[in-house]
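J.: This is the structure I want to talk about, given as structure tokens.
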Amino acid sequence: MNLFRILGDLSHLVSIFILLQKMRSTRSCAGISLRTQILYLMVYCTRYLDIFWTFNASLYNSSMKLVFILSTAYTIYLMRTVYKTALDPQIDTFATYYLVGGAGLLAVLFPYKYTVYEVLWSFSIWLESVAILPQLFMLQRTGEAETITTHYLFALGAYRALYIPNWLYRWFLEGHFDPIATVAGIIQTLLYSDFFYIYYTKVLKGKKFELP
Amino acid sequence: KKAEKAHDEL
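Protein chains in written order, with this note's numbering: chain S, 1 to 212; chain Z, 213 to 222.
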């Protein structure tokens, strides 16, 4: 465990709280992609299968896994019930089928081992790297976003971005290298780069998030 | 061993 990883995990945790807070304070899920949330739930459910047999390995990991699965399920529940009037299927249209299919293909081609758990783990890593695309696509279509939504996206993107120095640290200091997670994590961070740039140049300077 | 160790991250 190193500082980058803890900060990354905390950033992930904070992002979920910001999202729930956004829905509560605006009483709406406007601007949030249901498709992205469903993809994330798939990511957590396939990656954290080991929660059933590694519960004693690390209380930190196990509790974080539970929080990620439950809070994402709760977010989806809220979006489909309490706040469903703000759902806009006309805007949230990204072809998620291709993302799931592509992640599935990569998982079958490059798992560490050919076991159900390892293939699903690899699938979850690849799917996570692109799970934000429906959300970013939606943002592009609307051309603007509420500030609190951009804080959510920043915190979520920072999670994987902070894992990159964590992987470098582990590689140099612990001789530990995880090529699948590292390559997928770099792709994921690159997908966020445009968003990070606009967040930095606009939102952090007190301006509204608007696409040029 | 290597693959298992990889999964100690979230």
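Positions of the beta carbon are idealized from the N, C-alpha and C atoms, including for glycine.
So what does DSSP say about S/F123, is it helix, strand or coil?
T.: In the first sequence, residue 123 of chain S corresponds to position 123, counting from 1. S/F123: helix per DSSP, three-state reduction.
J.: Excluding five sequence neighbours on each side, which residues of the same chain lie with their C-beta closer than 6 Å to the C-beta of S/L20?
T.: Along the first sequence, read from residue 1 onward, the residue named residue 20 of chain S stands at position 20. Answer for S/L20: no residue qualifies.
J.: In the DSSP assignment, find the unbroken alpha helix (DSSP H) run with S/H12 in it and report its ends.
T.: Working through the first sequence from its first residue, we reach residue 12 of chain S at position 12. Here the alpha helix (DSSP H) through S/H12 covers 3-26.
J.: Helix or strand or just coil, what does DSSP make of S/F94?
T.: Residue 94 of chain S sits at position 94 when you count from the first residue of the first sequence. It is coil, neither helix nor strand.
J.: Please list the residues of the stretch 120-141 of chain S that have a C-beta atom closer than 8 Å to any C-beta atom in chain Z, keeping them in chain order.
T.: Taking 8 Å as the Cβ-Cβ cut-off against chain Z, the residues of the stretch 120-141 of chain S that qualify are W121.
J.: Please report the straight-line C-alpha distance between S/T81 and S/R170, rounded to a whole angstrom.
T.: On the first sequence, position 81 is the one that residue 81 of chain S refers to. On the first sequence, position 170 is the one that residue 170 of chain S refers to. Their backbone Cα atoms lie some 43 Å apart in a straight line.
J.: Compute the distance between the beta-carbons of S/L133 and S/F94, then report whether it is under 8 Å.
T.: Residue numbering aside, residue 133 of chain S sits at position 133 when the first sequence is read from its first letter. Residue numbering aside, residue 94 of chain S sits at position 94 when the first sequence is read from its first letter. Their beta carbons are under 8 Å apart, which means S/L133 touches S/F94 by this criterion.
J.: Excluding the 5 residues preceding and the 5 following S/Y182 in the sequence, name in chain order all residues of the same chain whose CB lies nearer than 6 Å to its CB.
T.: The count along the first sequence starts at 1 and reaches residue 182 of chain S at position 182. It should be pointed out that residue 182 of chain S corresponds to Thr in this sequence rather than to Tyr. So the qualifying residues of the chain are W167.
J.: On the DSSP bridge list, what partners appear for S/E144?
T.: Looking up residue 144 of chain S in the first sequence gives position 144. DSSP, once it has assigned bridges, lists S/E210 as partnering S/E144.
J.: Return the chain-ordered list of same chain residues with a C-beta closer than 8 Å to the C-beta of S/I91, the five sequence neighbours on each side being excluded.
T.: As a working mapping, residue 91 of chain S is identified with position 91 in the first sequence. Cβ within range, chain order: M138, R141, T142.
J.: Give the DSSP-derived three-state secondary structure of S/H176 in the structure shown.
T.: The residue given as residue 176 of chain S occupies position 176 in the first sequence. It is coil, neither helix nor strand.
J.: Thinking C-alpha only, which one of S/L204, S/L70, S/D194, S/G206 is nearest S/P212?
T.: If you number the first sequence from 1, residue 212 of chain S lands on position 212. Of S/L204, S/L70, S/D194, S/G206, the residue nearest in Cα terms is S/D194.
J.: Just checking: is the beta-carbon of Z/D220 within a distance shorter than 8 Å of some beta-carbon in chain S?
T.: Sequence index remark: in the second sequence, residue 220 of chain Z carries index 8 (1-based). Judged by the 8 Å Cβ criterion, Z/D220 is in contact with chain S.
J.: By alpha-carbon positions, which one of S/L127, S/I6, S/V130, S/T147 ends up nearest to S/K205?
T.: Here the question's residue 205 of chain S lines up with position 205 in the first sequence. The shortest C-alpha separation from S/K205 is found at S/T147.
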